[in-house]
Amino acid sequence: MLMKRWSHLLLSLSFACAVSTALHAESTDTDQATVLAELLNTFLAGASRGDRSVHERFWDDGLVYTSSAGSRTTKAQILGTMDDTPSDTPPEVVYTADDVDIRLYGDMAVVAFTLVATPQGDATTEPSYYLNTGTFRLTDSHWRAVAWQATRVPE
């Protein structure tokens, strides 16, 4: 009888620990997904303004970026095309993200979304859409994009 109680208690404790671990992992994943979503939105807002600092923060030093035009680019090449200070003029194009899908794999993550490039100042010009997929790595408590693929959605 005593052995049966111990067995039952052990089984209950094991189940409680498993549920607690699963809930903690789910909470941590939710937190990291929120961090990545905020990082993406901050990046797109800064990219709209031509803010070099958001590019420095967003891209990993070993970045491989494949553009929608089919060219490969590095972080150094991206930064080499930018001024040190963002322009004071309003952006010509505002970038936003739709249909964001964030998948976490420990210290790696995949962020897939539709990039919406909305021209400013000309109400007759339609937005352009790009399917983007970024692979992120968590290092020193910071997510950085190590690989990126952009594909223009045909009109």
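Note that the working numbering gives residue 1291 to position 25 of the sequence shown, counting from 1, and the numbers run on in steps of one. Glycine included, C-beta positions come from ideal geometry on N, C-alpha and C.
Beta-bridge pairing of residue i - partner residues as DSSP gives them
i: M1374; result: Y1371, R1403
i: H1408; result: T1405
i: A1416; result: N1398
i: F1379; result: N1398
i: V1359; result: P1385
i: T1340; result: T1340 pairs with nothing; no bridge assigned.
Alpha-carbon spacing of residue i relative to residue j, whole angstroms
i: D1297; j: L1345; result: 30 Å
i: R1410; j: A1313; result: 15 Å
i: T1405; j: G1372; result: 11 Å
i: V1382; j: V1359; result: 10 Å
i: V1320; j: T1351; result: 11 Å
i: E1304; j: V1366; result: 11 Å
i: T1339; j: F1324; result: 15 Å
i: K1341; j: A1299; result: 24 Å
i: R1384; j: L1370; result: A quick correction: the sequence has Thr, not Arg, at residue 1384. Whole-angstrom Cα-Cα distance: 29 Å.
i: W1414; j: V1301; result: 18 Å
Heavy atom of the ligand SAH within 6 Å of residue i beta-carbon
i: L1310; result: Because no ligand of any kind appears in the structure shown, any question about the ligand SAH cannot be addressed here.
Top-ranked residue by Cα proximity to residue i, from the options
i: L1306; options: R1338, D1349, H1408; result: H1408
i: T1401; options: A1363, R1418, I1368, R1323; result: I1368
i: V1377; options: S1353, P1357, A1416; result: A1416
i: F1379; options: N1398, T1339, S1333; result: N1398
i: Q1386; options: V1412, Y1396, T1355; result: T1355
i: T1391; options: R1403, W1414, E1421; result: E1421
Buried versus exposed call for residue i [16 or more other C-beta atoms within 10 Å across all chains shown]
i: Y1361; result: buried
i: L1277; result: Below a pLDDT of 50, predicted positions are generally treated as unreliable, and L1277, at 42, falls in that range; the measurement from the model is reported next regardless. Result: exposed.
i: A1375; result: buried
i: V1419; result: exposed
Cβ-Cβ separation, residue j to residue i (assumed contact under 8 Å), whole Å
i: P1357; j: R1318; result: At roughly 14 Å, the Cβ-Cβ gap does not stay under 8 Å, so P1357 and R1318 are not in contact.
i: G1328; j: V1412; result: 6 Å
i: Y1395; j: S1334; result: With a Cβ gap of about 10 Å, Y1395 and S1334 do not count as contacting.
i: A1363; j: L1310; result: 6 Å
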